[in-house]
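Single-structure report; data block below.
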């Protein structure tokens with residue numbers, strides 16, 4: 272139980288580090304992590320931080336703002352928070368000092384920020400058919416919330432492992448051989 276708790280805390284740290292690194296990268300090089308869309312027939316560029324009037328000859332990356340990645344990650348964090356709140360009804364108390372349910376829940380927050388970023392990036396890259404151009408900043412943020420909540424698809428395996436580990440506490444270790452199948456001693 273202790274080792275799983277440590278693994279979850281280390282994983283949370285590294286996922287948080289990754290989300291923070293992307294946010295810093297987006298802040299200092301907003302053009303390289305472009306989250307803006309140029310909807311057909313519209314007179315504005317749709318970015319997570321807001322709509323910006325379009326100018327001829329400019330690309331979507333020309334409209335990128337420093338806060339765009341932060342907005343996406345914050346929306347993903349909000350989506351992840353919704354799944355954490357929903358999963359609180361399944362958390363059981365434990366006498367263990369390792370707080371596995373809390374460690375598993377904390378992993379969801381930075382994972383939600385990352386899945387939101389990756390999801391919007393996939394839409395931006397036209398990887399998801401039918402979602403090539405989002406029309407407004409509200410749509411971009413809404414998709415980020417959905418992708419942030421979608422982190423549950425990734426972290427549900429962690430939740431299952433934590434529940435399994437908690438249920439195994441106090442049980443005697445399994446006998447590797449059935450008692451009637453032991454080989455005679457020489």
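Residue numbers (my numbering): 272 to 457.
Note that beta-carbon positions come from the ideal geometry of N, C-alpha and C, so glycine has one too.
Query raised in the report: Is the Cβ-Cβ distance between residue 279 and residue 397 less than 8 Å?
Result: Here residue 279 refers to the residue found at position 8 when the chain shown is read from its first residue. Here residue 397 refers to the residue found at position 126 when the chain shown is read from its first residue. Not closer than 8 Å, so no.
**Report entry** Runs of alpha helix (DSSP H) lying entirely within the region 370–405, each at least 4 residues, in chain order
**Finding:** Within the region 370–405, the complete alpha helix (DSSP H) segments at least 4 residues long are 371–395, listed from N- to C-terminus.
Requested in this report: May I ask which residues mark the beginning and end of the beta strand (DSSP E) holding residue 317?
Outcome: Counted from its first residue, the chain shown places residue 317 at position 46. Here the beta strand (DSSP E) through residue 317 covers 315–318.
Query raised in the report: From which residue to which residue does the beta strand (DSSP E) around residue 322 run?
Result: Here residue 322 refers to the residue found at position 51 of the chain shown. Here the beta strand (DSSP E) through residue 322 covers 321–324.
**Report entry** Reduced DSSP secondary structure (H/G/I, E/B, other) of residue 330
**Finding:** Locating residue 330 in the chain shown gives position 59, where the first residue counts as 1. Residue 330 falls in the coil class under three-state DSSP.
Query raised in the report: Given residue 403, which residues of its chain have a CB within under 7 Å of its CB, disregarding the five upstream and five downstream residues?
Result: The residue labelled residue 403 in the question sits at position 132 within the chain shown. Closer than 7 Å at Cβ, skipping near neighbours: 397.
Report task. Just the C-alpha distance for residue 309 and residue 315, rounded to the nearest angstrom, thanks. Result -> Here residue 309 corresponds to residue number 38 of the chain shown, with the count starting at 1. Here residue 315 corresponds to residue number 44 of the chain shown, with the count starting at 1. Cα-Cα distance, rounded: 7 Å.
Query raised in the report: Looking only at its own chain, which residues have a Cβ that is under 8 Å from the Cβ of residue 322, when we skip the five neighbours before and after it?
Result: By one-based count along the chain shown, residue 322 stands at place 51. Correct list, in chain order: 315, 316, 407 and 408.
**Report entry** Cβ-Cβ distance between residue 346 and residue 307 below 8 Å
**Finding:** Within the chain shown, numbered from 1, the residue matching residue 346 stands at position 75. Within the chain shown, numbered from 1, the residue matching residue 307 stands at position 36. Cβ atoms of residue 346 and residue 307: not closer than 8 Å.
**Report entry** Cross-strand partners of residue 308 (DSSP beta bridge)
**Finding:** Taking the chain shown and counting its residues from 1, the one referred to as residue 308 is at position 37. 317.
Report task. Report the option in 320, 319, 284 and 339 whose CA atom is closest to the CA atom of residue 299. Result -> What you label residue 299 is simply residue 28 of the chain shown in a count that begins at 1. In terms of Cα proximity to residue 299, the closest of 320, 319, 284 and 339 is 339.
Requested in this report: Take the Cβ of residue 435 as the centre, count every other Cβ of all protein chains shown within 10 Å, and call the residue buried at 16 or more, exposed below.
Outcome: Start at 1 with the first residue of the chain shown, and residue 435 comes out as number 164. Exposed.
Query raised in the report: The alpha helix (DSSP H) spanning residue 274 covers which residue range?
Result: One-based indexing of the chain shown puts residue 274 at position 3. Here the alpha helix (DSSP H) through residue 274 covers 273–299.
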